[in-house]
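Each remark here refers to the structure printed beneath this line.
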Amino acid sequence: MSPDLAALLTLQEDDTTKGAIDERLPEPDRRTEALDGERAADNASMERTRASAEAAEKQRRELSHKIEEHRAMQDRNLSVLDAVRKQREATAAMTQVDMVRRVLVQEESDLQSLNGRIADLKRAEEATLVVLGEVDERQRAERADIARQRAELEEEMESARRKRDASAEKVPRSILSKYERIRGREKSFALYQLRGAACGRCNTAIPLQRRNVMAAGRTIEVCEGCGVLLYTPG
Ligand SMILES: [Zn+2]
7 MSPDLAALLT LQEDDTTKGA IDERLPEPDR RTEALDGERA ADNASMERTR ASAEAAEKQR
67 RELSHKIEEH RAMQDRNLSV LDAVRKQREA TAAMTQVDMV RRVLVQEESD LQSLNGRIAD
127 LKRAEEATLV VLGEVDERQR AERADIARQR AELEEEMESA RRKRDASAEK VPRSILSKYE
187 RIRGREKSFA LYQLRGAACG RCNTAIPLQR RNVMAAGRTI EVCEGCGVLL YTPG
């Protein structure tokens, strides 16, 4: 076997190794996505609960403010009632006091239900946090394993790339550029062994004269049928 052919075969082997690592590279991301997916429903439910709690708290602040205003108003109404002497004025003041009292009763009842709702939401949020904590705990080992896998793959890739580049250095430029063109096109092997008298890939017959040259180990031929590089095992 000619040194050029040997170098090219080594390069093809290195590229195959590198390609296999390439295919495994997205694995850590896929695994991470799956774990994130397991967490997603609980996470979304917690966000919703949190948003509802915030909205209810805002409502409570507004309502508390209104109640304060109405209480102050009622204090003034009561002073007026206290000060009136005439029956007619007393009736009017009493009506006012009654009206504000009814409003206050309603508002205070609303405030109580809001308090209850906020407490429920807080409990729900805490419960979901506990669940999320459990999920995280369960996923901890797997996530650590994913990080390990990612580091290993990157290291493997780096060393495969270095080896491949070193092998490419040993292949003559003209053959290398042909090889790389074919690989870029085919996304698979660029170099095939002759099968009998024909191309090992597309089975196109190779003329005897060219086969003889190949057998002598002098050249690497291009298949006229499919364009891959051909060699004899010799
Ligand atoms: Zn062919």
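123 is the number that the numbering used here gives to position 117 of the sequence shown; each next residue is one higher, with no gaps. Just so you know, even glycine gets a beta-carbon here, dropped at the ideal spot from N, CA and C.
Just how far apart, CA to CA, sit Q80 and V111?
Here the question's residue 80 lines up with position 74 in the sequence shown. Here the question's residue 111 lines up with position 105 in the sequence shown. If I take the Cα positions, the gap works out to 12 angstroms.
Give every residue whose Cβ lies closer than 6 angstroms to any heavy atom of ligand 1, listed in chain order.
Around ligand 1, the residues selected by a Cβ distance under 6 angstroms to any of its heavy atoms are C205, R207, C208, T210, C229, G231, C232, V234, following chain order.
Who are the near neighbours of L127 in its chain, counting only those whose CB is closer than 7 angstroms to its CB and skipping five residues on each side?
Here residue 127 is taken as the residue at index 121 of the sequence shown, counted from 1. Closer than 7 angstroms at Cβ, skipping near neighbours: T55, S58, A59, A62.
If you run the structure through DSSP and keep just helix, strand and coil, what is R201?
By 1-based counting over the sequence shown, the position of residue 201 is 195. Three-state result, R201: strand.
Can you pull the DSSP bridge partners for E227?
Against the sequence shown, residue 227 aligns to sequence position 221. L236.
Could you give the distance in angstroms between the alpha-carbon of A46 and the alpha-carbon of R36?
What you label residue 46 is simply residue 40 of the sequence shown in a count that begins at 1. What you label residue 36 is simply residue 30 of the sequence shown in a count that begins at 1. So the two alpha carbons sit approximately 15 angstroms from each other.
Whole angstroms is fine: what's the gap from L31's alpha carbon to G25's?
Residue numbering aside, residue 31 sits at position 25 when the sequence shown is read from its first letter. Residue numbering aside, residue 25 sits at position 19 when the sequence shown is read from its first letter. Taking the straight line joining both Cα atoms gives about 10 angstroms.
Please state the DSSP three-state secondary structure of A221.
Numbered from 1 along the sequence shown, position 215 holds the residue referred to as residue 221. In the structure shown, A221 sits in a helix (DSSP, three-state: H, G or I).
Buried or exposed: where does V177 fall if 16 or more other Cβ atoms within 10 Å of its Cβ makes it buried?
Position 171 of the sequence shown, counted from the start, is the residue given in the question as residue 177. By the neighbour-count rule (16 or more Cβ atoms within 10 Å), V177 is buried.
Does the beta-carbon of D21 have 16 or more other beta-carbons within 10 angstroms, so that it is buried, or is it exposed?
Your numbering for residue 21 matches position 15 in the sequence shown. Buried.
Going by C-alpha distance, which of K72, I73, A96 is nearest N83?
Locating residue 83 in the sequence shown gives position 77, counting from the first residue. The residue with the shortest Cα to Cα distance from N83 is A96.
Looking at the secondary structure, which residues open and close the alpha helix (DSSP H) in which M7 lies?
Here residue 7 is taken as the residue at index 1 of the sequence shown, counted from 1. First-last for M7: undefined, no H or E at that position.
Can you find the residues in the same chain that come closer than 6 angstroms, C-beta to C-beta, to L117, ignoring five residues on each side of it along the sequence?
Counting from one through the sequence shown, the residue named residue 117 turns up at place 111. If we look at L117 and ignore the five residues flanking it on each side, its Cβ neighbours are L69.
For E214, count the other beta carbons within 10 Å of its own beta carbon; 16 or more makes it buried, fewer makes it exposed. Which is it?
As a first step, residue 214 is located in the sequence shown; it is residue number 208 there, counting from the start. In the sequence as presented, Glu is not what sits at residue 214; that position holds Leu. Exposed: under 16 other Cβ atoms inside 10 Å.
Roughly how far, in whole angstroms, is the beta-carbon of C208 from the beta-carbon of G231, given that I think they are within contact range, below 8 angstroms?
Counted from its first residue, the sequence shown places residue 208 at position 202. Counted from its first residue, the sequence shown places residue 231 at position 225. Contact flag correct, Cβ pair sits at about 4 angstroms.
By the DSSP assignment, the alpha helix (DSSP H) with T55 in it spans what residues?
Sequence index remark: in the sequence shown, residue 55 carries index 49 (1-based). Its alpha helix (DSSP H) spans residues 33–89.
In three-state terms, what does DSSP make of A196?
As a working mapping, residue 196 is identified with position 190 in the sequence shown. A196 falls in the coil class under three-state DSSP.
Can you find the residues in the same chain that come closer than 7 angstroms, C-beta to C-beta, to E19, ignoring five residues on each side of it along the sequence?
Numbered from 1 along the sequence shown, position 13 holds the residue referred to as residue 19. No residues qualify anywhere along the chain.
According to the neighbour-count rule (16 or more other Cβ atoms, all chains shown, within 10 Å of its Cβ), is K184 buried or exposed?
Locating residue 184 in the sequence shown gives position 178, where the first residue counts as 1. Result: buried.
Whether or not the segment 217–229 and the segment 198–206 are in contact is what I'm after, with contact meaning three or more pairs of Cβ atoms, one per stretch, closer than 8 angstroms; do they touch?
yes
Measure the C-alpha to C-alpha separation of E113 and S119 and round it to an integer number of angstroms.
For the purposes of this step, residue 113 is taken as residue 107 along the sequence shown, with counting starting at 1. For the purposes of this step, residue 119 is taken as residue 113 along the sequence shown, with counting starting at 1. Whole-angstrom Cα-Cα distance: 10 angstroms.
Quick one: give me the first and last residue of the alpha helix (DSSP H) that N121 is part of.
Taking the sequence shown and counting its residues from 1, the one referred to as residue 121 is at position 115. Taken as a continuous stretch (DSSP letters only), the alpha helix (DSSP H) holding N121 covers 93–175.
Where DSSP assigns a beta bridge to A211, which residues make up the other side?
Residue numbering aside, residue 211 sits at position 205 when the sequence shown is read from its first letter. Answer by DSSP bridge pairing, in chain order: A204.
Do you know offhand how far R154's Cα is from E44's?
Here residue 154 corresponds to residue number 148 of the sequence shown, with the count starting at 1. Here residue 44 corresponds to residue number 38 of the sequence shown, with the count starting at 1. Whole-angstrom Cα-Cα distance: 21 angstroms.
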